[in-house]
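Working notes, structure below.
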Amino acid sequence: MAACENFLQTCDPSLTPVAANRSGTFTSRIAIDSSGQVGSFYDAYNDRVLSDSNKIAAEKRTASKKRPECIWQSVNDDKPYNLLKQMNMNDEQRLNIALQMTEPSGIGALINYTGRIDKYTRFLRYTYYSRTDYLPDNLFNSLNRTELQRADAQATHMIVLVNWGIGAVAVLQLPSDDQQTRGIEYALQKICNSLSDDCSKLKLSNEDEAFLKKIYCTKVFSNISKLTEINSIIEFHDNIQLLKSNGDSLRPYNYNLYPIENFYTTHSELQFKLIELPTSSILKIESYLLPFILKFNRLKKNMYQDFQNVRQHLKNEHKNILTRWEDSKKMYELEIDRIRKLLEAFRRDRSDDKAFRQDLQRDKTENLSYILSNDIEDVEKMMSKESLIKSLLIEEFIYTNAKDRGVEKKDDIQTLERKLLKDVGCVRLICSNDNLYAKNQTQWCKHREQMLKERKGNKNIQLVYADFSYCSYELNEFITLSRTEETKTVTTPPPKKKLTLQKATCDESINILLLGESGVGKSTFINALVNYLKFDNLMQATKNLTVLIPVSFTIAMGDNFTEHAIKHDGEDTVSNEDHHDLGKSITQHCKSYVFTLQDGRNRGQKLRIIDTPGIGDTQGLNQDDKNMQHVLSWINNLTHLNAICILLKPNNSRHTVFFRSCFTQLIDMLGESICDRIIFCFTNARSTFYTPGDTGPLLKALLNSLPAKRIPF
Numbered sequence: 001m002a003a004c005e006n007f008l009q010t011c012d013p014s015l016t017p018v019a020a021n022r023s024g025t026f027t028s029r030i031a032i033d034s035s036g037q038v039g040s041f042y043d044a045y046n047d048r049v050l051s052d053s054n055k056i057a058a059e060k061r062t063a064s065k066k067r068p069e070c071i072w073q074s075v076n077d078d079k080p081y082n083l084l085k086q087m088n089m090n091d092e093q094r095l096n097i098a099l100q101m102t103e104p105s106g107i108g109a110l111i112n113y114t115g116r117i118d119k120y121t122r123f124l125r126y127t128y129y130s131r132t133d134y135l136p137d138n139l140f141n142s143l144n145r146t147e148l149q150r151a152d153a154q155a156t157h158m159i160v161l162v163n164w165g166i167g168a169v170a171v172l173q174l175p176s177d178d179q180q181t182r183g184i185e186y187a188l189q190k191i192c193n194s195l196s197d198d199c200s201k202l203k204l205s206n207e208d209e210a211f212l213k214k215i216y217c218t219k220v221f222s223n224i225s226k227l228t229e230i231n232s233i234i235e236f237h238d239n240i241q242l243l244k245s246n247g248d249s250l251r252p253y254n255y256n257l258y259p260i261e262n263f264y265t266t267h268s269e270l271q272f273k274l275i276e277l278p279t280s281s282i283l284k285i286e287s288y289l290l291p292f293i294l295k296f297n298r299l300k301k302n303m304y305q306d307f308q309n310v311r312q313h314l315k316n317e318h319k320n321i322l323t324r325w326e327d328s329k330k331m332y333e334l335e336i337d338r339i340r341k342l343l344e345a346f347r348r349d350r351s352d353d354k355a356f357r358q359d360l361q362r363d364k365t366e367n368l369s370y371i372l373s374n375d376i377e378d379v380e381k382m383m384s385k386e387s388l389i390k391s392l393l394i395e396e397f398i399y400t401n402a403k404d405r406g407v408e409k410k411d412d413i414q415t416l417e418r419k420l421l422k423d424v425g426c427v428r429l430i431c432s433n434d435n436l437y438a439k440n441q442t443q444w445c446k447h448r449e450q451m452l453k454e455r456k457g458n459k460n461i462q463l464v465y466a467d468f469s470y471c472s473y474e475l476n477e478f479i480t481l482s483r484t485e486e487t488k489t490v491t492t493p494p495p496k497k498k499l500t501l502q503k504a505t506c507d508e509s510i511n512i513l514l515l516g517e518s519g520v521g522k523s524t525f526i527n528a529l530v531n532y533l534k535f536d537n538l539m540q541a542t543k544n545l546t547v548l549i550p551v552s553f554t555i556a557m558g559d560n561f562t563e564h565a566i567k568h569d570g571e572d573t574v575s576n577e578d579h580h581d582l583g584k585s586i587t588q589h590c591k592s593y594v595f596t597l598q599d600g601r602n603r604g605q606k607l608r609i610i611d612t613p614g615i616g617d618t619q620g621l622n623q624d625d626k627n628m629q630h631v632l633s634w635i636n637n638l639t640h641l642n643a644i645c646i647l648l649k650p651n652n653s654r655h656t657v658f659f660r661s662c663f664t665q666l667i668d669m670l671g672e673s674i675c676d677r678i679i680f681c682f683t684n685a686r687s688t689f690y691t692p693g694d695t696g697p698l699l700k701a702l703l704n705s706l707p708a709k710r711i712p713f
């Protein structure tokens, strides 16, 4: 047994070639870079296979005689958990991954795991060797101290053994229920027994399957990419069996390395030797690194969340979060780079262990860890706020930031009413903040149910959630405000002639009305259409861009969500745009733009696009109603209308009372035949892969609730 411990495990327990040795200067590596083969040069500084390596044709290959291994283990949550160490990864390799000196792929990607790890976390580990390729003893000995004209300057080792097969770790998060946990563990053991027995037929009872389905989070890390896409432990078991029967899909699991200086001599000044840190020093470095690596990865993951509603309603707060994220990321990258350079100096014998430990400066990492903790807390608050706003909009509440309404610490109730109920009609408004919402859920639910009940009895009531979290006013309890004055509307004189809906003949213009909420991009849509009609391809358009209507908007670009302001002054000689009041409809009045079609069967025909003020103006329902009455009055002067194009954003829940009113007024004026002429277009759809996103189901529900003829969607 002792002799076997000196050799790396292979596919055959009795196989003990020199290349499998674990003692002396041999070192093993998990195959993070799976392109290696026997004879490949290896850079142990950065844990990568060098691309110009030479394959040794005389390698030996042994088929599998070793049974697979599968175990599950729980977590000792009293200690910090070093995931890569628990997977028996080499000390130096763990450090290379932590310091981003090698790409963390396969099992190495465990360093990026940001999920919860506690007493209800289980790790299922599976290892299967399908074959072993190795340098035979005679060739191993003959290569010793061979003359080499020039070796790769970055090569420190040669791969002398490769174990092919499957290595996988499944991280399972169980429900926080001890009784259910015992049932799940019993079923997990059945899976492990089956996988350890070459996938013997798995016999799970209905109860076993029911328990396994209660595992609410499964994340797999493996050298086989197909396994990393799995989120079910039963599916994991079934795929292992399929992979084992298909040898072409298996990849290297681990390597055994031998220092290249023991194989080759060289007359150059190239340095092949790798000086390894003592294990105690590596553990010390990891105790510095791992806490803030975990926090940084968690923060990075959270920053990739969709903050659509926060961006719209809390622009300054969202911008501050982005700025702090950029600052924290720079600090993190600088600290990783600093420790990486210290490690490189030691490995190249330019520093000793004592100096290395002194230069780590724990206070720097602790300060960074503290900053990242604060950032995570703030981003998680922003995630909660996004969820709150989304839930409010689904129930057709209007969300407003009290700070944007000028609410201050010194304000009394009368002042609050004046600031918050300005330019609104019949409204029920509740004043709240994050602290009240989190700690008084029972009270909030009572207020919410009462407000919904009131609106059920009066569809004209507008429900508003005023958020005091960002203003100086100290709100210690929920405050409800109301206004019973009905919304005043601007009446339109009866039309002198009925507006008709028809297909345009060759001597008539094609009239299309554009409608949409404020900021959806109606003016940008028209500008895009102009360039589409004018140019044959995108390259021509970018060289001589035509901007018919002034536009101004922000877009988030890159992995860091950096916001860029886009503004084009346009060619309009009479300004119809107001870009100074965000949230307010930028287009102030209806205006038509006429184009001559250049090709197709409609060549020479006029196309009239009618731009309109936006729906959902921050000035309130009164302004929305005025805008709609203005639109109806304007189109009444047309002889005919061919279509209505309604622009929407995906993942937007703001299809409220006024959208319903908009459809109703259009149908009243134009008749039910308009229903077949309404087209829905979605802008800003890149984040939803050019689909309607969450807006689709909400829009369908709204259209189905209309009393008139069904509008197709």
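With full-length UniProt numbering, the residue at position 86 of the sequence shown is 86, and numbering never jumps. Yeah, the Cβ is synthetic: ideal placement off N, Cα and C, and Gly gets one too.
Taking 8 Å as the threshold (beta carbon to beta carbon), is residue i in contact with chain D?
i	result
W325	In the structure shown, chain D cannot be found, because there is only a single protein chain.
Since residue i is in the beta strand (DSSP E), which residue starts that stretch and which ends it?
i	result
F41	41-43
M101	It is not in any beta strand (DSSP E) - M101 carries neither H nor E in the DSSP assignment.
Y120	No beta strand (DSSP E) holds Y120; DSSP gives it neither H nor E.
Q462	462-467
T596	591-596
Q450	Careful: Q450 lies outside any beta strand (DSSP E), inside the alpha helix (DSSP H) at 441-457.
Q73	69-73
K60	60-63
S142	Run containing S142: none in the beta strand (DSSP E); it sits in the alpha helix (DSSP H), 137-142.
With a threshold of 16 other CB atoms inside 10 Å of the CB of residue i, please say whether the residue is buried or exposed.
i	result
I389	buried
R48	buried
C445	exposed
Q540	exposed
G247	exposed
P13	exposed
F7	buried
E207	exposed
I166	buried
A153	exposed
At the level of alpha carbons, what is the spacing between residue i and residue j?
i	j	result
I352	T102	Residue 352 is actually Asp in this sequence, not Ile. Each residue's Cα considered, the two are about 24 Å apart.
I510	N627	23 Å
Y42	Y255	10 Å
K584	S328	Interpretation of K584 is limited by its pLDDT of 42, a score under 50 that renders its predicted location unreliable; the figure taken from the coordinates is listed afterwards. Each residue's Cα considered, the two are about 34 Å apart.
G425	I376	40 Å
T664	N309	27 Å
Q605	L529	16 Å
I413	D467	15 Å
K649	F713	15 Å
P175	S673	54 Å
N76	R122	10 Å
I394	F595	39 Å
I32	I97	9 Å
Rank the options by C-alpha distance to the C-alpha of residue i and give the top, closest one.
i	options	result
F682	F535, T691, Y186	T691
Q312	E408, V520, L172, V551	V520
P278	K214, Y288, R347	R347
K439	E69, V464, E477, Y473	E477
Run through DSSP, which three-state label would residue i get?
i	result
G167	strand
S552	strand
N88	coil
Q37	coil
K567	strand
G583	Note that G583 has pLDDT 38, beneath the 50 cutoff, so the model's placement of it is unreliable and no number is given.
G696	helix
N527	helix
N537	coil
N401	strand
G108	helix
Go to residue i, then tell me how far its alpha helix (DSSP H) extends in each direction, as first and last residue.
i	result
F682	Not the alpha helix (DSSP H): F682 falls in the beta strand (DSSP E), residues 678-682.
N316	315-347
R418	413-420
I184	178-196
F296	279-303
K649	No alpha helix (DSSP H) holds K649; DSSP gives it neither H nor E.
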